[in-house]
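Here is the structure we will look at.
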Amino acid sequence: MDIRTIQTLKEVSDQYILPGSLKAFTQCVNGHVNDTYRVLLRIDNHTEKEYIFQRINDYVFKEPIKVMRNIKEISVHTRPKITKDTCDIITFFNNKAGNNYTIVDGDYWRVCYFVKNSVAFDFVEDSKILYSAGYAFGRFQELLSDLPMNRLFVTIPDFHNTKKRLDAFFEMVSLDPLGRAKDVKEEIKFFEEQRELASTLVDLLDKGELPLRVTHNDTKYNNILMDQDSLEPLCVIDLDTVMPGLATYDFGDAIRFAANTAVEDEPDLSKVGLNIEHYEEFTRGFMTACQGSLTQKEVDTMALGAVIITIELASRFLLDHLNGDKYFRLHRPNHNLDRARCQIKLAKDMLEQYDTMCEIVNKYA
Ligand code: GN1
Ligand code: MG
1395 MDIRTIQTLK
1405 EVSDQYILPG
1415 SLKAFTQCVN
1425 GHVNDTYRVL
1435 LRIDNHTEKE
1445 YIFQRINDYV
1455 FKEPIKVMRN
1465 IKEISVHTRP
1475 KITKDTCDII
1485 TFFNNKAGNN
1495 YTIVDGDYWR
1505 VCYFVKNSVA
1515 FDFVEDSKIL
1525 YSAGYAFGRF
1535 QELLSDLPMN
1545 RLFVTIPDFH
1555 NTKKRLDAFF
1565 EMVSLDPLGR
1575 AKDVKEEIKF
1585 FEEQRELAST
1595 LVDLLDKGEL
1605 PLRVTHNDTK
1615 YNNILMDQDS
1625 LEPLCVIDLD
1635 TVMPGLATYD
1645 FGDAIRFAAN
1655 TAVEDEPDLS
1665 KVGLNIEHYE
1675 EFTRGFMTAC
1685 QGSLTQKEVD
1695 TMALGAVIIT
1705 IELASRFLLD
1715 HLNGDKYFRL
1725 HRPNHNLDRA
1735 RCQIKLAKDM
1745 LEQYDTMCEI
1755 VNKYA
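Count along the sequence shown from 1, add 1394, and you get the number used in the working numbering.
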């Protein structure tokens, strides 16, 4: 165990009224942005309890207090609607000063229960699980549909403004601070070809043809904790980016992650593509939960949302690669390049299966 981390976790723990003392911890590695620890507290000789301690990444979230205020707002709004039979939404404890975050050495931390018997998957084989994931994210959207948007801070401006994301990408290509652009010419060409298509949904939003809603904005499958045995969704987590956004992007981002035939960073591109069965099951679940509140235009652009958000993520990963990997955490050299290539391959496959994707949405709409 790293002494410094233990010391920091102890200091965090001391700022809360928690029932025991730190016994052990492990770091959770599936998030790319925040630092997450699973912490075991020893209560007495026979009892231990697990918690999640998380340090908010302040390179990504410039105003952590606003992030935490949003999360509180979401909790207060959804709490009365959640029953023990429905999927929960994560909340954080108040520290001794009554805040749902705490500051140690200038870093922002937060603490919550470890949801018992839960697991977060980076990859799923069984398409049936996709139905419940779709349902959980669809219902999340329903639950927040009557939360006035002005109650939330925009914590990352233009987070899913794909048009601006691509502008930023091409700007980085011209800056090329590390001289890496020469090795990714094919990839850059892909973004040149798709630049216009990628702006479609943002344009429709600007024209008022698509509505702005309170959305999750990071609907990766591993942001739903599942019951280890029944594989039912237990809790939606990672509310950091809940902000006004597009429903089609929430749908699409989930598809990007959970209906890939491979993991998000698969280096063997022959394994990467759209799993249409997974796509169908997720769509069925999502539509069942929230189709009543979707407009016709949203339904018509659902499948496009998946294609575009995949292109957007590809551009964000490649931008970070060109920029020296400052944003997404790496687990190996050229990790962001692998991620980008994987997403490009997936987007290409989606474009090939686009008509089928649209038919499936219509089937459940
Ligand atoms: C980041 O940290 P994590 O894994 O929850 C990113 C998402 C990306 C995702 C890609 C705030 O999420 O937008 O879709 O990586 N979060 C932020 O896996 O940028
Ligand atoms: Mg996230």
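Just so you know, even glycine gets a beta-carbon here, dropped at the ideal spot from N, CA and C.
When the Cα atoms are used, what is the spatial distance from residue i to residue j?
i, j, result
"Tyr1507", "Tyr1453", "26 Å"
"Lys1583", "Tyr1410", "52 Å"
"Ala1708", "Lys1742", "11 Å"
"Gly1679", "Asp1749", "20 Å"
"Asp1638", "Leu1541", "Correcting the residue type first, residue 1638 is Pro in the shown sequence and not Asp. Distance between the alpha carbons of Pro1638 and Leu1541 is about 10 Å."
"Arg1589", "Asn1488", "44 Å"
"Glu1565", "Arg1723", "22 Å"
"Val1505", "Val1518", "28 Å"
"Lys1720", "Arg1733", "15 Å"
"Lys1601", "Thr1695", "15 Å"
"Thr1485", "Glu1580", "44 Å"
"Tyr1529", "Ala1683", "5 Å"
Are residue i and residue j closer than 8 Å when you measure CB to CB?
i, j, result
"Leu1604", "Glu1692", "yes"
"Phe1531", "Asp1396", "no"
"Leu1740", "Gly1667", "yes"
"Phe1419", "Arg1432", "yes"
"Phe1585", "Leu1560", "yes"
"Asn1428", "Arg1398", "no"
"Ile1400", "Leu1416", "yes"
"Met1681", "Ala1575", "no"
"Val1636", "Leu1546", "yes"
"Leu1606", "Leu1599", "yes"
"Ala1648", "Ala1527", "yes"
"Thr1609", "Ile1702", "no"
Tell me whether residue i sits in a helix, a strand or coil according to DSSP, three-state version.
i, result
"Tyr1495", "coil"
"Lys1456", "coil"
"Ile1397", "helix"
"Cys1506", "strand"
"Ser1526", "helix"
"Val1768", "Nothing about residue 1768 can be reported from this structure: the residues present for the chain run from 1395 to 1759 only."
"Leu1628", "strand"
"Ile1476", "coil"
"Asp1749", "helix"
"Leu1663", "helix"
"Asn1654", "strand"
"Ser1512", "strand"
Go to residue i, then tell me how far its beta strand (DSSP E) extends in each direction, as first and last residue.
i, result
"Asp1597", "Asp1597 -> not in any beta strand (DSSP E); alpha helix (DSSP H) instead, spanning 1594-1600."
"Leu1434", "1429-1436"
"Ala1418", "1415-1422"
"Phe1553", "Element bounds for Phe1553: n/a, residue is neither H nor E."
"Phe1447", "1442-1449"
"Gly1639", "1637-1639"
"Asp1732", "From DSSP, Asp1732 is part of no beta strand (DSSP E) but of the alpha helix (DSSP H) over 1729-1746."
"Val1608", "1607-1609"
"Leu1633", "It is not in any beta strand (DSSP E) - Leu1633 carries neither H nor E in the DSSP assignment."
Terminal residues of the continuous alpha helix (DSSP H) containing residue i?
i, result
"Ser1568", "1556-1569"
"Thr1704", "1690-1716"
"Thr1682", "1670-1684"
- Query: Hey, is the segment 1558-1578 in contact with the segment 1706-1716, meaning 3+ C-beta pairs nearer than 8 Å?
  - Reply: yes
- Message: Quick test of the definition: if touching needs 3 or more C-beta pairs under 8 Å, does the segment 1626-1635 touch the segment 1645-1657?
- Response: Taking one beta carbon from each stretch, the segment 1626-1635 and the segment 1645-1657 have fewer than 3 pairs nearer than 8 Å; the two do not touch.
- Task: Determine, using beta-carbon pairs with one atom in the segment 1485-1495 and one in the segment 1638-1653, whether at least three such pairs fall under 8 Å.
- Result: no
- Do the segment 1537-1555 and the segment 1445-1460 meet, that is, are 3 or more Cβ pairs less than 8 Å apart? yes
- Three CB pairs or more closer than 8 Å across the segment 1669-1677 and the segment 1598-1614: No, the segment 1669-1677 does not touch the segment 1598-1614.
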